[in-house]
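Let me begin by presenting the structure, written as structure tokens, before commenting on it.
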Amino acid sequence: MDTAPKGGGAERIDDPEWITPPTILMLFEAGDICVVSWDWYYAEDGVGCFDGVAWVEPINETQVNLEYGEPVGWLPLPQMP
Numbered sequence: 103m104d105t106a107p108k109g110g111g112a113e114r115i116d117d118p119e120w121i122t123p124p125t126i127l128m129l130f131e132a133g134d135i136c137v138v139s140w141d142w143y144y145a146e147d148g149v150g151c152f153d154g155v156a157w158v159e160p161i162n163e164t165q166v167n168l169e170y171g172e173p174v175g176w177l178p179l180p181q182m183p
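If you count the sequence shown from 1, you need to add 102 to reach our numbering.
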């Protein structure tokens, strides 16, 4: 999971190196697959951090680890036709 895109390596959104993380597909240990993106609000040192896990569903910004458990792999979203 260390290879999943998390904002270009920047520490904060106001960092000049910040790149908005892409939306990806994430596989969880129970076999669930979810569309997610990284959100620094929930990351370590983020305002909403309580466990340092910042993978969220882009539509409702729900932390996916709370519902699906630990992520085990990821893939970029396929290109739109």
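Ideal Cβ placement from N, Cα and C applies to all residues, glycine included. Nothing here was measured: the structure is a model prediction, and the numbers come from that model.
- As the crow flies, the alpha-carbon of Tyr143 is around 17 Å from that of Glu119.
- Rounded to whole angstroms, the separation of the alpha carbons of Leu168 and Met128 is 14 Å.
- Approximately 17 Å separates the beta-carbon atoms of Val174 and Glu159; this is outside 8 Å, ruling out the contact.
- In the same chain as Leu179, and ignoring 5 residues on each side of it, the C-beta atoms closer than 8 Å to its own belong to Pro124, Thr125, Ile126, Leu127, Val137, in chain order.
- By alpha-carbon distance to Asp141, the top candidate from Ile161, Glu172, Gln181 is Ile161.
- In the DSSP assignment, Val138 falls within the unbroken beta strand (DSSP E) covering 135 to 140.
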